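Colleague: Residue numbers (the working numbering): -8 to 355. All C-beta atoms in this analysis are idealised placements derived from N, C-alpha and C, irrespective of residue type, glycine included. This structure is a prediction, so every number in the text was calculated from the model and none was measured. Attaching a single structure in structure tokens format; questions to follow.
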């Protein structure tokens, strides 16, 4: 017997979430508030209790209107023991009922459930692929309940993770020779990494991020967005920022999120100047050491290619991350529950065209 209740206090929510398997920073109170302020999602947090009064699962459910329609999303959740079919089924039943009651076009979940490790194509014989039985069972259960693998994958499905229970010497030994050399080269060439905890550092990080966005061709939002995305999480103790400097000149920055047993490399930024000094390598090593020193057993590089080939747009970033010796982890990805199949079909085909038209109109 599983009973869902709504949690309305920040401290209680984060505390109970921390106790659960696959708890993710995107399920925290702060992330729900960030999405509410910046993008209009309305969060509601559900805890699921067993008959003995123990919390067994949690789901921060975001709801938003898209014109006359309503959509729902549980970012990197729900959090629960996915090997427990009874708990898993009870939570999914509640979420399905909630989507029906709210008349949602779709309810999307993308829990941090591992589907397998390693590269499926066998490109790396030293790290062969392995399927995870729990992840395989979850996929089968979702398909049996009528859920659909989403065509709109919001978060990265694949990533690289580093086991920080190793010593620093073992971590260095697990890196590629080139990465080790560049870390040492950064120190030799005078790069210094410090915590970005001064009042002026947020603007410095933002300036570096704008340079990075221009160089790599991705959208940069106004500074106030990152004040919410970075500074608020730092104030809550859920993020830490770093700057790599040379002769007091900021060359690169990194924003590390952390919650429960894991730290995530969410944001990286760098200048176009003095790249030969390898500041990004010094930054990653400093962030890894910081996470290890603060008791986080896992470092997540947050993102790897969907297809492990040189044509994938993430291939260059993946090669950089892979040099630090992590292992490839593949997740089950995002899945949609559609209470009204016909409307879902129309939405999935029409919405991309509408968004493309709006983007073209704004550019014009």
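1) Three-state secondary structure (DSSP) at residue 157?
2) Are residue 221 and residue 230 close, meaning C-beta to C-beta below 8 Å?
3) So which of 248, -7, 91 and 218 has the shortest CA-CA distance to residue 47?
4) For the region 240 to 316, which segments carrying the beta strand (DSSP E) assignment without a break, of at least 3 residues, lie completely within its bounds, in sequence order?
5) One question on the structure: do residue 83 and residue 49 come within less than 8 Å of each other, judged by their Cβ atoms?
6) Just how far apart, CA to CA, sit residue 182 and residue 174?
7) If we ignore side chains and look at the alpha-carbon of each, how far apart do residue -2 and residue 4 end up?
8) Nearest to residue 65 by alpha carbon, out of 120, 108, 145 and 290?
9) Give the secondary structure of residue 354 by DSSP, where H, G and I count as helix, E and B as strand, and everything else as coil.
10) Would the region 323 to 333 count as touching the region 86 to 96 if we require 3 or more Cβ pairs under 8 Å?
11) According to DSSP, simplified to helix, strand and coil, what is residue 339?
12) Among 271, 162, 118 and 322, whose alpha-carbon lies nearest the alpha-carbon of residue 296?
13) Taking a contact to mean a Cβ-Cβ separation below 8 Å, would you say residue 291 touches residue 150 in this structure?
14) Within the same chain, show all residues whose beta-carbon is closer than 8 Å to that of residue 348, passing over the 5 residues directly before and after it, in chain order.
15) If we ignore side chains and look at the alpha-carbon of each, how far apart do residue 201 and residue 253 end up?
16) Less than 8 Å between the beta carbons of residue 16 and residue 248, yes or no?
17) What does DSSP give as the partner residue(s) for residue 40 in the beta ladder?
18) My parser needs the alpha helix (DSSP H) runs of 4 or more residues fully inside the region 42 to 91; what are they?
19) Compute the Euclidean distance between the alpha carbons of residue 126 and residue 105, then round it to the nearest angstrom.
20) Return the chain-ordered list of same chain residues with a C-beta closer than 6 Å to the C-beta of residue 54, the five sequence neighbours on each side being excluded.
21) Can you look up residue 207 in the DSSP assignment and give me helix, strand or coil?
22) List the endpoints of the continuous beta strand (DSSP E) containing residue 105.
23) For the putative contact between residue 196 and residue 232, defined by C-beta atoms under 8 Å, what is the C-beta separation to the nearest angstrom?
24) Here's a check: name, in chain order, each residue in its chain whose Cβ is nearer than 7 Å to the Cβ of residue 339, leaving out the five neighbours to either side.
25) Looking only at its own chain, which residues have a Cβ that is under 7 Å from the Cβ of residue 203, when we skip the five neighbours before and after it?
26) Three or more C-beta pairs closer than 8 Å, one from the region 156 to 164 and one from the region 209 to 218: is that the case here?
27) Which of helix, strand or coil does DSSP assign to residue 148?
Modeller: Inspection of the coordinates gives the following:
1) Numbered from 1 along the chain shown, position 166 holds the residue referred to as residue 157. Secondary structure of residue 157 (DSSP, three-state): coil.
2) The residue labelled residue 221 in the question sits at position 230 within the chain shown. The residue labelled residue 230 in the question sits at position 239 within the chain shown. Going by beta carbons, residue 221 and residue 230 fall inside the 8 Å limit.
3) For the purposes of this step, residue 47 is identified with residue 56 of the chain shown, where counting begins at 1. If we check each option's Cα against that of residue 47, -7 comes out closest.
4) As far as the region 240 to 316 is concerned, its whole beta strand (DSSP E) runs of at least 3 residues are 240 to 250, 253 to 261 and 289 to 291.
5) Translated into the one-based positions of the chain shown, residue 83 becomes position 92. Translated into the one-based positions of the chain shown, residue 49 becomes position 58. Taking 8 Å as the Cβ cut-off, residue 83 and residue 49 do not qualify as a contacting pair.
6) On the chain shown, position 191 is the one that residue 182 refers to. On the chain shown, position 183 is the one that residue 174 refers to. Using only the alpha carbons, I get a separation of about 10 Å.
7) Counting from one through the chain shown, the residue named residue -2 turns up at place 7. Counting from one through the chain shown, the residue named residue 4 turns up at place 13. Between residue -2 and residue 4, the C-alpha separation is close to 6 Å.
8) The residue labelled residue 65 in the question sits at position 74 within the chain shown. Residue 145 is the option with its Cα nearest to residue 65.
9) By one-based count along the chain shown, residue 354 stands at place 363. Below a pLDDT of 50, predicted positions are generally treated as unreliable, and residue 354, at 37, falls in that range; the measurement from the model is reported next regardless. When secondary structure is reduced to three states using DSSP, residue 354 falls in the helix class.
10) Judged by Cβ distances under 8 Å, the region 323 to 333 makes contact with the region 86 to 96, as three or more pairs qualify.
11) Within the chain shown, numbered from 1, the residue matching residue 339 stands at position 348. Here residue 339 sits in helix by DSSP.
12) Translated into the one-based positions of the chain shown, residue 296 becomes position 305. Nearest option by C-alpha distance: 322.
13) To locate residue 291, count along the chain shown from 1; it is residue 300. To locate residue 150, count along the chain shown from 1; it is residue 159. The criterion of a C-beta distance shorter than 8 Å is satisfied by residue 291 and residue 150.
14) Along the chain shown, read from residue 1 onward, the residue named residue 348 stands at position 357. Its pLDDT being 45, under 50, residue 348 is placed unreliably in this model, and the value from its coordinates should be taken loosely. No residues qualify anywhere along the chain.
15) For the purposes of this step, residue 201 is identified with residue 210 of the chain shown, where counting begins at 1. For the purposes of this step, residue 253 is identified with residue 262 of the chain shown, where counting begins at 1. Answer to the nearest angstrom: the Cα atoms are 27 Å apart.
16) Position 25 of the chain shown, counting from 1, holds the residue named residue 16. Position 257 of the chain shown, counting from 1, holds the residue named residue 248. Yes, they are a contact pair.
17) Counting from 1 along the chain shown, the entry for residue 40 is found at position 49. Beta bridge pairing from DSSP links residue 40 with -6 and 46.
18) Correct list: empty.
19) The residue given as residue 126 occupies position 135 in the chain shown. The residue given as residue 105 occupies position 114 in the chain shown. A direct Cα-to-Cα measurement between residue 126 and residue 105 gives close to 5 Å.
20) Taking the chain shown and counting its residues from 1, one reaches residue 54 at position 63. Non-local C-beta neighbours of residue 54 in its own chain, meaning closer than 6 Å and more than five positions away in sequence, comprise 33 and 63, ordered along the chain.
21) The residue given as residue 207 occupies position 216 in the chain shown. Three-state result, residue 207: helix.
22) By one-based count along the chain shown, residue 105 stands at place 114. Where residue 105 is concerned, the enclosing beta strand (DSSP E) stretches over 105 to 108.
23) Working through the chain shown from its first residue, we reach residue 196 at position 205. Working through the chain shown from its first residue, we reach residue 232 at position 241. That pair is a contact at about 6 Å.
24) Numbered from 1 along the chain shown, position 348 holds the residue referred to as residue 339. Within the same chain, residue 339 has close Cβ partners 142.
25) Position 212 of the chain shown, counted from the start, is the residue given in the question as residue 203. Excluding positions up to five away in sequence, the list reads 260 and 261.
26) Cβ pair count under 8 Å is below three, so no.
27) Reading the chain shown from its first residue, position 157 is the one you call residue 148. It is coil, neither helix nor strand.
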